[in-house]
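A.B. asks: Quick one: the structure is below, questions incoming.
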Amino acid sequence: MTAQDATRETKSMLLNVGPSHPAMHGVIRLVTELEGETVVKVEAEIGYLHRAFEKSCEQSSWTQAIPYTDRLNYVSPLINNFGYCGAVEKLLGIDITERCRYIRVIMGEISRVTDHLTCIAASAMELGAMTAFLYLMKAREYLYEIIEEVTGARLTISYGRIGGVKGDLPAGVEGRLETALKKTEKEIREVDKLLTRNRIFVDRTRDVGILTKEDAVSYSITGPMGRASGINYDVRKAFPHFAYDKVEFDVPLGERGDNYDRYLVRMEEMRQSIRIIRQCMRDIPGGPVNVNAAGKTIPSFDLVDQAKLGHTAGLIDAFAAVEPTLEGSERPFHDRVMTADKRVGLPQKENTYGNIEGLMNHFKLIMDYHGIRPPAGDTYFAVEGANGELGFYVASDGKDRPYRVRVRPPCFFNMAGLHKMLEGYMIADIVATFGSINMIAGELDR
Amino acid sequence: MEDLSTEGPGFITSKLSEAVAWARKFSIFVYPFVTACCGMEYMSAASGHYDMDRFGAGLPRFSPRQADVLLVVGTISHKIAPILRRVYDQMCEPKWVVAFGVCTCTGGFYDNYSTVQGIDTILPVDIYIPGCPPRPEAVLDGLIKLQTKIEHQKQIL
Chain V
-4 MTAQDATRET
6 KSMLLNVGPS
16 HPAMHGVIRL
26 VTELEGETVV
36 KVEAEIGYLH
46 RAFEKSCEQS
56 SWTQAIPYTD
66 RLNYVSPLIN
76 NFGYCGAVEK
86 LLGIDITERC
96 RYIRVIMGEI
106 SRVTDHLTCI
116 AASAMELGAM
126 TAFLYLMKAR
136 EYLYEIIEEV
146 TGARLTISYG
156 RIGGVKGDLP
166 AGVEGRLETA
176 LKKTEKEIRE
186 VDKLLTRNRI
196 FVDRTRDVGI
206 LTKEDAVSYS
216 ITGPMGRASG
226 INYDVRKAFP
236 HFAYDKVEFD
246 VPLGERGDNY
256 DRYLVRMEEM
266 RQSIRIIRQC
276 MRDIPGGPVN
286 VNAAGKTIPS
296 FDLVDQAKLG
306 HTAGLIDAFA
316 AVEPTLEGSE
326 RPFHDRVMTA
336 DKRVGLPQKE
346 NTYGNIEGLM
356 NHFKLIMDYH
366 GIRPPAGDTY
376 FAVEGANGEL
386 GFYVASDGKD
396 RPYRVRVRPP
406 CFFNMAGLHK
416 MLEGYMIADI
426 VATFGSINMI
436 AGELDR
Chain Z
1260 MEDLSTEGPG
1270 FITSKLSEAV
1280 AWARKFSIFV
1290 YPFVTACCGM
1300 EYMSAASGHY
1310 DMDRFGAGLP
1320 RFSPRQADVL
1330 LVVGTISHKI
1340 APILRRVYDQ
1350 MCEPKWVVAF
1360 GVCTCTGGFY
1370 DNYSTVQGID
1380 TILPVDIYIP
1390 GCPPRPEAVL
1400 DGLIKLQTKI
1410 EHQKQIL
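For the record, the sequence lines run as chains V and Z. Read the first sequence against the numbering used here and you will find it ends at 441, with the numbers running on by one and no gaps. Read the second sequence against the numbering used here and you will find it ends at 1416, with the numbers running on by one and no gaps.
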C-alpha cells in the first residue's frame, strides 16, 4: 500500500435490499453494508408477513387450526397439516390407521417435490434461467392436478385431520399419479440438462454462499441446507414418523455447503421423494373393501336390488362399491383413513343419521365448547418439512381450544444464519444465495 | 342552451380514444407485489400452463415506474402497508389496482391485529379476485374484467 492510498478516505455504503425487491419475495429487508461491491455486513429484518398464527390458533378449536397451518409453508402445505395433526395425536395418544400413514407419506412427498420444484424454479429464474422456471412450473402443475384430485384444492388443502385424513385416495389415482410422476421426472431431467453443467449457472453458484458445517450446526440449520453443508440429519431417518420406517430412501449430502450443493441436494431429494411415493403406492394396504361374502365386488345398485328381493343372507358384511367422496364418509372408506377413536373421529354419516350414539358423537365433536379435548399437557412433534425440521409444540389445558401452538419453522433458523452466507461475497451474489435458501415468509413470520 | 356541436367528443377524438383503449387493454404491464400464498397461484397463472401472456399481461415489471397495474398478491400486514402505498404512489397514471386473493379484498380469515382488513382501506382498488388463493382460472377471469374496465373507461391521454 502506498502512502497515497493510505490517505485516501474510504466509506462503506448502506443499501437496503427489499422489502419490495423481487428477489426478496416481497417480504424481507436486508440491510447491507457495502464496500465497493463487496458485502461487509448483512442484517435481515423480518416480520413483514406476520399474520398472528399463534393467536389465531388459540382462538379457534383444535380442528379449526388446521387451515392456519396450510398457510405456514404455503409451498408444501400438506406436510404442515400432517405435522400439526401428528402433534395433537401424540398429545391425545391415539394411533392412526396403517393406510392413513401411507397416505400421509405419499401426499407429504408430493408436497416436498412441489416445494423443491418451486425453489429451484424461482432461484433459477432469479439468475436469468427463465426456461428452467417454465419447465419446472409445468412439472409442478402435473402434481397440483393430483393434489387437487385427492384433496379437492390445489394449494391450501386442509387435508389432514386429527386422527386421519379428510378422505381416501380416489379410485384409479395410482395410474394418474404414475403418469404425473413420469412427466415430472422428465421435466426434472430436462432441467438437469439445462442447469447442472451450465457454465453460467455453475459460475454463479459454485463456491458462492458457503455455509460451513460448524456454522450450520451452531445456527441449528436443518433440511436441504444443513444436508448440503454435510450434516447427516433428516427427521425422516432420525425419528421415523408415519410410514417412513418402512420405505427405503437415501439422504443426499453435500460437501462444500455452497449454492450449487444446495441445488444438487434438492434435485436428488426430488428423485428420492418420487422413489418413496412409488414404494408407498406399491405397499399401501387396502383392506377388505368393495367385496361381498364371496369375495366379489357388488355395485351399490345391485346391493339394493338384492336386498329388495330378500337376498340379504350373504350381504350383511358386504360392502357396496360406492364412489369415494372427498368426505370419506361412506362406510367402506371411512375406517381406512380415520381412527376409530371416538374422541377425535367424526362418525360415519350412516351412524350420524341412523342412531342416537352416532348423532351424539357427531354433536360433541362439532359444537362449540365441546369439540376435541386433548388432556392437559404439552408435547413436541417434528416432521421433515421441505426446508428442514418442522416442529409443532402444542400445549393443552384440557379445553377445546389450544392453549398454545408454537411452530419451529425451519426458515427462521436459515434466516438467522443468512449473514454467514452473504458476508464477504459480492452484492450480485445476494440474489443467488437468497434464492437457494428457499425462504418462505409464511412460516418465517407466521 | 348550449351549442351541441361543441358538446361531447368529436369523431376523431372518439376514434382515437377507442384505439388507445384497445392498445392499453392488451399491453398490461403488471407489478406483482407478491407477499404470500397467492404468489404460488400467480406463478401458476403466469407460467406456461395457464399463460397470462395470452391476454397481453405476460411481462411483469418490477419497477413501479414502468408498470400499469399493481397486482397485490397476498396478505398485507400493517408493517408492509406503507410500502405498498409508496409503490402505488410511485406508479404513473393511468394505473389500476387488482386485489388478488381474499386477504387483500377483506383480510380473509386473518381477522387479527396484524393484518390490514382489505387493501381498499389504503388504496383504490379496481378489480377484486376472491379466493384463498384464487384458482388461475379466476385470475384470468379477473384479468379479462380488468380489460373490459380499461376498454370502457375514459382514456386520459
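We put the beta carbon where it would ideally sit given N, CA and C, even for glycine. Source: prediction; values computed, not measured.
1) What are the residues in the stretch 1283 to 1302 of chain Z lying within 7 Å of chain V by C-beta distance?
2) What are the residues of the stretch 1373 to 1395 of chain Z that lie near chain V, defined by any Cβ-Cβ distance shorter than 9 Å?
3) What residues in the stretch 1345 to 1376 of chain Z have a beta carbon less than 9 Å from any beta carbon of chain V?
4) Can you tell me whether V:Leu385 is helix, strand or coil according to DSSP?
5) Tell me the DSSP secondary structure of V:Lys394 in three-state form.
6) Could you tell me which of Z:Lys1354, Z:Thr1363, Z:Ile1339 sits nearest to Z:Pro1389, measuring between CA atoms?
7) Between the C-alpha atoms of V:Tyr239 and V:Phe77, what's the straight-line distance to the nearest angstrom?
8) If you count every other CB in all the chains shown that lies within 10 Å of the CB of V:Lys188, and 16 or more means buried, which is it?
9) Tell me whether V:Arg257 sits in a helix, a strand or coil according to DSSP, three-state version.
10) Straight-line CA distance for Z:Glu1300 to Z:Arg1324?
11) Three Cβ pairs or more, each shorter than 8 Å: is that satisfied between the stretch 355 to 372 of chain V and the stretch 116 to 133 of chain V?
12) Checking contacts by CB at 8 Å: is Z:Gly1317 closer than that to chain V?
13) Decide if V:Ala381 is buried, meaning its Cβ has at least 16 other Cβ atoms within 10 Å, or exposed.
14) In terms of residues, what are the limits of the beta strand (DSSP E) holding V:Asp373?
15) Does the structure place the stretch 14 to 24 of chain V close enough to the stretch 1325 to 1345 of chain Z that three or more beta carbon pairs sit under 8 Å?
16) Would you please verify whether the beta carbon of Z:Phe1321 is less than 8 Å from any beta carbon of chain V?
17) Just the chain Z side, please: which residues come within less than 7 Å of V:Phe429 by C-beta, in chain order?
18) Which ranges does the beta strand (DSSP E) cover as unbroken runs of at least 3 residues, wholly within the stretch 89 to 119 of chain V, from first to last along the chain?
19) Is the Cβ of Z:Gly1401 closer than 8 Å to any Cβ of chain V?
20) Would a check of beta-carbon distances place Z:Gly1269 closer than 8 Å to chain V?
21) Could you list which residues in chain Z have their beta carbon closer than 7 Å to that of V:Leu112, in chain order?
22) Helix or strand or just coil, what does DSSP make of V:Asn11?
23) Between V:Phe358 and V:Ser215, is the Cβ-Cβ spacing less than 8 Å?
24) Quick one: Cα of Z:Val1361 to Cα of Z:Asp1312, how far?
25) What are the partner residues of V:Val453, as DSSP defines its beta bridges?
26) Output, in chain order, the set of chain Z residues within a Cβ distance shorter than 8 Å of V:Met132.
27) Within 8 Å, do at least three Cβ pairs link the stretch 1363 to 1373 of chain Z to the stretch 36 to 52 of chain V?
28) Per DSSP, Z:Leu1329 forms a beta bridge with which residues?
29) In terms of alpha-carbon separation, which member of Z:Ser1276, Z:Ala1282, Z:Phe1292 lies closest to Z:Val1357?
30) Drop a sphere of 10 angstroms on the beta-carbon of V:Ile105, count the other beta-carbons inside from all chains shown, and report buried for 16 or more, exposed for fewer.
31) When the cut-off is 8 Å and only beta carbons count, does V:Pro235 lie next to chain Z?
32) Using only alpha-carbon positions, find the residue among V:His111, V:Ile74, V:Val230, V:Ile157 that is nearest to V:Trp57.
33) Do V:Ser431 and V:Arg194 have their C-beta atoms within less than 8 Å of each other?
34) Assign Z:Phe1285 to one of two classes, buried (16 or more other C-beta atoms within 10 Å of its C-beta) or exposed (fewer than that).
35) Thinking C-beta only, is V:Leu259 closer than 8 Å to V:Gly412?
36) Distance, Cα to Cα, Z:Ser1322 vs Z:Tyr1290?
C.D. replies: Walking through what the data contain:
1) Phe1292, Val1293, Thr1294, Ala1295, Cys1296, Met1299, Glu1300, Met1302
2) Ser1373, Thr1374, Cys1391, Pro1392, Arg1394, Pro1395
3) Arg1345, Val1346, Cys1362, Phe1368, Tyr1369, Asp1370, Asn1371, Tyr1372, Ser1373, Thr1374
4) Here residue 385 of chain V corresponds to residue number 390 of the first sequence, with the count starting at 1. DSSP places V:Leu385 in strand when its eight states are reduced to three.
5) The count along the first sequence starts at 1 and reaches residue 394 of chain V at position 399. Reduced to three states, the DSSP call for V:Lys394 is coil.
6) Along the second sequence, read from residue 1 onward, the residue named residue 1389 of chain Z stands at position 130. Nearest C-alpha to Z:Pro1389: Z:Thr1363.
7) In the first sequence, counting from the first residue as 1, residue 239 of chain V sits at position 244. In the first sequence, counting from the first residue as 1, residue 77 of chain V sits at position 82. Whole-angstrom Cα-Cα distance: 13 Å.
8) Residue mapping note: residue 188 of chain V aligns to position 193 of the first sequence, counting from 1. Burial call: exposed.
9) Locating residue 257 of chain V in the first sequence gives position 262, counting from the first residue. In the structure shown, V:Arg257 sits in a helix (DSSP, three-state: H, G or I).
10) Translated into positions along the second sequence, residue 1300 of chain Z becomes position 41. Translated into positions along the second sequence, residue 1324 of chain Z becomes position 65. Taking the straight line from one Cα to the other gives about 25 Å.
11) no
12) Start at 1 with the first residue of the second sequence, and residue 1317 of chain Z comes out as number 58. No, Z:Gly1317 lies away from the interface with chain V (no Cβ there is under 8 Å from its Cβ).
13) Here residue 381 of chain V corresponds to residue number 386 of the first sequence, with the count starting at 1. V:Ala381 is buried by the Cβ-count criterion.
14) On the first sequence, residue 373 of chain V is found 378 positions in, with the first residue counted as 1. Segment 372 to 380, the beta strand (DSSP E) holding V:Asp373.
15) yes
16) Locating residue 1321 of chain Z in the second sequence gives position 62, counting from the first residue. Yes, contact with chain V.
17) For the purposes of this step, residue 429 of chain V is identified with residue 434 of the first sequence, where counting begins at 1. Here the premise fails: no neighbours, minimum Cβ distance about 15 Å.
18) none
19) Position 142 of the second sequence holds residue 1401 of chain Z. No - not a single Cβ of chain V is within 8 Å of the one on Z:Gly1401.
20) Counting from 1 along the second sequence, the entry for residue 1269 of chain Z is found at position 10. Closer than 8 Å: no.
21) For the purposes of this step, residue 112 of chain V is identified with residue 117 of the first sequence, where counting begins at 1. Neighbours of V:Leu112 on chain Z: none; closest Cβ ~11 Å, over 7 Å.
22) The sequence position of residue 11 of chain V within the first sequence is 16, counting from 1. Note: V:Asn11 maps to strand in three-state DSSP.
23) Here residue 358 of chain V is taken as the residue at index 363 of the first sequence, counted from 1. Here residue 215 of chain V is taken as the residue at index 220 of the first sequence, counted from 1. No; because the gap between Cβ atoms is not below 8 Å, this pair is not in contact.
24) Within the second sequence, the letter at position 102 stands for residue 1361 of chain Z. Within the second sequence, the letter at position 53 stands for residue 1312 of chain Z. Whole-angstrom Cα-Cα distance: 24 Å.
25) Because chain V is modelled from -4 through 441, residue 453 of chain V falls outside the range shown and cannot be assessed.
26) The count along the first sequence starts at 1 and reaches residue 132 of chain V at position 137. Under the 8 Å cutoff, chain Z gives Met1302, Ser1303, Ser1306, Gly1307, His1308.
27) yes
28) As a working note, residue 1329 of chain Z is residue 70 in the second sequence. DSSP output for Z:Leu1329 lists Z:Tyr1290, Z:Val1356 as bridge partner(s).
29) Your numbering for residue 1357 of chain Z matches position 98 in the second sequence. Here the closest residue by C-alpha is Z:Phe1292.
30) Locating residue 105 of chain V in the first sequence gives position 110, where the first residue counts as 1. V:Ile105 comes out buried.
31) Residue 235 of chain V sits at position 240 when you count from the first residue of the first sequence. No - not a single Cβ of chain Z is within 8 Å of the one on V:Pro235.
32) Indexing the first sequence from 1 puts residue 57 of chain V at position 62. It is V:Ile157 whose Cα lies nearest to the Cα of V:Trp57.
33) Mapped onto the first sequence, residue 431 of chain V falls at position 436. Mapped onto the first sequence, residue 194 of chain V falls at position 199. Not closer than 8 Å, so no.
34) For the purposes of this step, residue 1285 of chain Z is taken as the residue at position 26 of the second sequence. Z:Phe1285 should be labelled exposed.
35) As a first step, residue 412 of chain V is located in the first sequence; it is residue number 417 there, counting from the start. As a first step, residue 259 of chain V is located in the first sequence; it is residue number 264 there, counting from the start. Contact: no.
36) The residue given as residue 1322 of chain Z occupies position 63 in the second sequence. The residue given as residue 1290 of chain Z occupies position 31 in the second sequence. Going by the C-alpha atoms only, they are around 7 Å apart.
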